[in-house]
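Asks: In the numbering used here, each residue's number is its place in the sequence shown (first place is 1) plus 1181.
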Amino acid sequence: MTTAPGSADEVPLLGEPLAIELANTVYAVRGEVRDGLATVADVQRWVDLHSGDLTATVAGGRSRLSAPDAQRIRELRDTVGAVLDAAVAGRAPTAGQRRVLNRLSAAGPRWEALSDTQPPAVALLSPSSPVEALLADIARSTMTLVTEPRRGAIRACPAPGCVLHFVKDHPRRQWCSAGCGNRARVARHYARRIPPRPADEVTSPAAHPGRPA
Ligand SMILES: [Zn+2]
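Written out as structure tokens, the structure reads:
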């Protein structure tokens, strides 16, 4: 499957945990998969948009991301996406994926510090470079998703053509977004109106799990 460059204003913002938000920068528009982090500027914009969730050394924007920084974030996105897909399928991360996440987390330690603002606030600080702190934040966000209590709540959106993930935070939530719910309802409506062709009536064992093959 080819991935076309996306545009920054198309990237879904679902308010999901950081790791899912990162994975969801690969998204689909009318069946075409797009990369919302195709350029360094795209990656910088994504980081700026999520600065509220990040360790202050990243959020402070004291240094701008370089091309190699952006590439490291894209590579971590591939790992995060694979770990989320495995979790959806009920599988644990592989040893290689675990090593990547653990190494990045260790390279970006952080601590809480009280600010001198009024009222005071708690800020997360790190001695690491902004990009190391960012990669560590994403790695830790991934860890919280594949462990209790969230393990088992990660979903791949079942809407036609959608490639996004979300945390099922409500028993009735079925889709990544209201837009996907609407599209799926419309697709079901039209599927009911169109009579099945003979080829569609050929049943397969998979379609009848209760019947012996
Ligand atoms: Zn969706």
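For every residue, glycine included, the Cβ atom is placed at its ideal position computed from N, Cα and C. The structure displayed is predicted, hence computed values, not measured ones.
With a 10 Å radius around its C-beta and 16 neighbouring C-beta atoms as the bar for buried, classify E1191 as buried or exposed.
Replies: Exposed is the call here.
Asks: Locate the alpha helix (DSSP H) running through D1259, then write down its first and last residues.
Replies: D1259 -> alpha helix (DSSP H) spans 1248-1269.
Asks: Could you tell me which whole alpha helix (DSSP H) segments of length 4 or greater appear in the region 1194-1249?
Replies: Qualifying alpha helix (DSSP H) stretches, in chain order: 1199-1204, 1221-1230, 1237-1240.
Asks: Take the Cβ of W1292 as the centre, count every other Cβ of all protein chains shown within 10 Å, and call the residue buried at 16 or more, exposed below.
Replies: W1292 should be labelled exposed.
Asks: Assuming F1347 and E1197 are in contact, meaning their beta carbons sit under 8 Å apart, how far apart are those beta carbons, in whole angstroms?
Replies: That pair is a contact at about 6 Å.
Asks: Over what stretch of residues does the beta strand (DSSP E) that includes H1346 continue unbroken?
Replies: Run containing H1346: 1346-1348, per the beta strand (DSSP E) assignment.
Asks: Can you tell me whether DSSP reads R1331 as helix, strand or coil?
Replies: Of the three classes helix, strand and coil, the one that applies to R1331 here is coil, per DSSP.
Asks: Assuming contact is defined by CB atoms lying nearer than 8 Å, are G1262 and A1204 in contact in what I supplied?
Replies: Contact flag set, yes.
Asks: Which partner residues of P1300 appear in the DSSP bridge assignment?
Replies: DSSP output for P1300 lists no bridge partner at all.
Asks: Rounded to whole angstroms, what's the CA-CA distance from G1195 to L1316? Just pull it up for me.
Replies: A quick correction: the sequence has Leu, not Gly, at residue 1195. Their Cα atoms are separated by approximately 20 Å.
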